[in-house]
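In what follows, a single structure is set out as structure tokens and then discussed.
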Amino acid sequence: MAQRFPNPQQPPAGVQPPQQRYPAPPAPGLRQYPGPNFPMQQRSGGFVQGGGPGPGMMQRPQQQGPPYNPIRPPMPNQGQKRPSEVRPPQQQPKGGGSSGGGGGGGGSGGKKKKKLADKILPQKVRDLVPESQAYMDLLAFERKLDSTIMRKRLDIQEALKRPMKQKRKLRIFISNTFYPAKEATEGEEGSVASWELRVEGRLLEDAKNDPNKKNMIQVKRKFSSFFKSLVIELDKDLYGPDNHLVEWHRTPTTQETDGFQVKRPGDKNVRCTILLLLDYQPLQFKLDPRLARLLGVHTQTRPVIISALWQYIKTHKLQDAHEREFINCDKYLEQIFACTRMKFAEIPQRLNPLLHPPDPIVINHIIRWIINGAEQKQTACYDIDVEVDDTLKAQMNNFLLSTASQQEIQSLDNKIHETVETINQLKTNREFFLSFAKDPQQFIQKWIISQTRDLKTMADVVGNPEEERRSEFYYQPWAQEAVCRYFYSKVQQKRAELEQALGIRNG
Numbered sequence: 001m002a003q004r005f006p007n008p009q010q011p012p013a014g015v016q017p018p019q020q021r022y023p024a025p026p027a028p029g030l031r032q033y034p035g036p037n038f039p040m041q042q043r044s045g046g047f048v049q050g051g052g053p054g055p056g057m058m059q060r061p062q063q064q065g066p067p068y069n070p071i072r073p074p075m076p077n078q079g080q081k082r083p084s085e086v087r088p089p090q091q092q093p094k095g096g097g098s099s100g101g102g103g104g105g106g107g108s109g110g111k112k113k114k115k116l117a118d119k120i121l122p123q124k125v126r127d128l129v130p131e132s133q134a135y136m137d138l139l140a141f142e143r144k145l146d147s148t149i150m151r152k153r154l155d156i157q158e159a160l161k162r163p164m165k166q167k168r169k170l171r172i173f174i175s176n177t178f179y180p181a182k183e184a185t186e187g188e189e190g191s192v193a194s195w196e197l198r199v200e201g202r203l204l205e206d207a208k209n210d211p212n213k214k215n216m217i218q219v220k221r222k223f224s225s226f227f228k229s230l231v232i233e234l235d236k237d238l239y240g241p242d243n244h245l246v247e248w249h250r251t252p253t254t255q256e257t258d259g260f261q262v263k264r265p266g267d268k269n270v271r272c273t274i275l276l277l278l279d280y281q282p283l284q285f286k287l288d289p290r291l292a293r294l295l296g297v298h299t300q301t302r303p304v305i306i307s308a309l310w311q312y313i314k315t316h317k318l319q320d321a322h323e324r325e326f327i328n329c330d331k332y333l334e335q336i337f338a339c340t341r342m343k344f345a346e347i348p349q350r351l352n353p354l355l356h357p358p359d360p361i362v363i364n365h366i367i368r369w370i371i372n373g374a375e376q377k378q379t380a381c382y383d384i385d386v387e388v389d390d391t392l393k394a395q396m397n398n399f400l401l402s403t404a405s406q407q408e409i410q411s412l413d414n415k416i417h418e419t420v421e422t423i424n425q426l427k428t429n430r431e432f433f434l435s436f437a438k439d440p441q442q443f444i445q446k447w448i449i450s451q452t453r454d455l456k457t458m459a460d461v462v463g464n465p466e467e468e469r470r471s472e473f474y475y476q477p478w479a480q481e482a483v484c485r486y487f488y489s490k491v492q493q494k495r496a497e498l499e500q501a502l503g504i505r506n507g
């Protein structure tokens, strides 16, 4: 044992300590190769690996560089899958396909998202079938149409953010009916003379502004939905200070109604005043008389009033030339705002005292008593202007929310994608069989090579079994060093087993 395994601290006689020139693959629990404890002699060269010549051997001329030729490239790890960069993604060569019969690849794990590029026919198909150019023209037109529709949808969305109002005529019907007094009889009770006042209304059809009203959705609105409050003031001399007012005011829980009615006893003509306050959406204000004359606006929304004032400032060049955020008031604005100079950001705050609630609509009506005492109905009509939501707004909303056309388009798109996939599959099959008919021998060779590559990829085969089974593979320069490394690792393994058996610990 002492002669086979010399002391690692003292190298054999005549042998210089070897110098490590390249790292060896590490073995678990063992020292790296080469080492002084086990110098291995090369059979053919007659020199000690990693050092000078052995005893009794002639010294060979010193070589420049490493004593062995470069080893072959390292093999991939057995436990790791070969990266995709080793071989580019397999494509069907012109002479043959990579799969038998030209069949398509396996289905993907998830649902493939359809893209516009999937609709395009390959150039080879267009060359084979000139009529397919008509389909490509339709595809280009579809892209333009989709772009136009998308732009219009965005325009509609922006338009819906702004209030879309339309002026319409609301016809108010004020009718009163007298009920004469009845004397008491044996079967019926008597009653005093009375009258009933009804206030109703409806929107008039505007055929000029709505030429396509048959195609529009008509939404019937209740009469009370147009007003915020309604007050009927009767003659105070006839009904006293406590019973001469009839009021209705809108609340969050108000139930809409088609009209209002008031019933009172009486057999004389009654003067009444009907006050109607419109429910403006968005809220409108009445301007101060001085500002109204200056801007030419009587009742409007706050943004419209500020815009009109800004137009007046620009027209009269009242903006300060140096400090653009300041407005120099002329004599009219100075009287209205009580200042000579103000910031533009202060205008909304300074407008608050000049904006008042809009005036109510006042209707004076006389409830006339019929002299002959017969029950008779009298009606008076009044037309007022109201703002209602544009009927086009409902159509625009329906257009944005409609999904029926989208579902139909999606169904047709799926059919187009399936048809294009079928065409591509038929093109692949055609190329497959054409290449086989053109050169069967070359086609079969390429096909087998392709199948072999696929099999190696699927089985995670490392190396090249076809080359490794030939003897020429082992005459390459790396084989010499590989043999040395193999025997060294085996000797180290046996030594470790022996030391373990003898209970000797490696220092």
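Each residue of the sequence shown is one higher than the last, beginning at 1 in full-length UniProt numbering. Even glycine gets a Cβ: it sits at the ideal position worked out from N, Cα and C. Treat the numbers as computed from the prediction; the structure is a model and nothing was measured.
- Contiguous beta strand (DSSP E) elements confined to the segment 245 to 330 occur at 245 to 249, 259 to 265, 270 to 278, 284 to 287, 299 to 301 and 326 to 328, taking only those with 3 or more residues.
- At a cut-off of 4 residues, the continuous stretches assigned as alpha helix (DSSP H) that sit fully inside the segment 343 to 370 are 347 to 351.
- With distances taken between CA atoms, Ala345 lies nearest to Arg324 out of Leu333, Gln123, Arg324 and Pro358.
- For Leu197, the three-state secondary structure derived from DSSP is strand.
- The continuous alpha helix (DSSP H) containing Arg143 extends over residues Ser132 to Lys161.
- In this structure Ser224 is buried. Its beta-carbon is surrounded by 16 or more other beta-carbon atoms within 10 angstroms.
- The segment 152 to 167 makes contact with the segment 383 to 391, as at least three CB pairs between them are under 8 Å.
- DSSP lists no bridge partner for Asp118.
- Boundaries of the beta strand (DSSP E) harbouring Gln166: Lys165 to Tyr179, taken from the DSSP string.
- Within the DSSP secondary-structure output, Glu431 pairs in no beta bridge.
- When secondary structure is reduced to three states using DSSP, Arg341 falls in the strand class.
- The closest CA to that of Gln157, considering only Lys263, Ser307 and Ala394, is found on Ala394.
- Scanning Gly266, Thr273 and Lys222 for the CA closest to the CA of Glu247 turns up Thr273.
- Around the CB of Lys446, 16 or more other CB atoms lie within 10 Å, so the residue is classed as buried.
- Excluding residues up to 5 positions away in sequence, Leu400 lie with their Cβ nearer than 7 Å to the Cβ of Arg153 in the same chain.
- Following the DSSP letters along the chain, one finds Leu392 inside the alpha helix (DSSP H) bounded by residues Thr391 to Leu401.
- Bounds of the beta strand (DSSP E) holding Val231 are Phe227 to Glu233.
- Take the alpha-carbon of Glu431 and the one of Leu412: they are about 29 Å apart.
- The residue among Asp390, Tyr488, Cys329 and Arg198 with its C-alpha nearest the C-alpha of Ile172 is Arg198.
- Here Tyr135 has Leu121 as same chain residues with Cβ atoms under 8 Å from its own Cβ, once five neighbours each way along the sequence are excluded.
- As computed with DSSP, Lys377 is found in a beta bridge with Thr177.
- Closest in C-alpha terms to Asn397, from the list Arg341, Glu481, Leu160 and Pro130, comes Leu160.
- Put simply, the backbone Cα of Val483 is about 18 Å away from that of Gly463.
- DSSP places Val388 within a strand segment (E or B) once states are collapsed to three.
- In the three-state DSSP reduction, Arg453 falls in the helix class (H, G or I).
- About 4 Å separates the Cβ atoms of Glu200 and Gly259, confirming a contact at the 8 Å cut-off.
- Straight-line measurement puts the Cα of Leu455 at about 34 Å from the Cα of Leu128.
- Between Phe326 and Arg302, the beta carbon gap of about 22 Å keeps them out of contact (Cβ cut-off 8 Å).
- Here the alpha carbons of Arg350 and Phe337 stand approximately 7 Å from one another.
- Taking C-beta atoms under 8 Å as the contact rule, Val125 and Ile449 fail to qualify, at a distance of about 27 Å.
- Around the beta-carbon of Thr148, fewer than 16 other beta-carbon atoms lie within 10 Å, marking it exposed.
- Within the same chain, no residue comes within 8 Å of Glu472 by CB-CB distance, once the 5 residues on both sides are set aside.
- Under a 10 Å Cβ-count criterion, Met458 is classified as exposed, with fewer than 16 other Cβ atoms of the shown protein chains found around its own Cβ.
- Contact between the segment 276 to 294 and the segment 239 to 246 is absent, with fewer than three C-beta pairs closer than 8 Å.
- Within 10 angstroms of the beta-carbon of Met342 lie 16 or more other beta-carbons, which makes it buried.
- Around the Cβ of Leu309, a 10 Å sphere holds 16 or more other Cβ atoms; the residue is buried.
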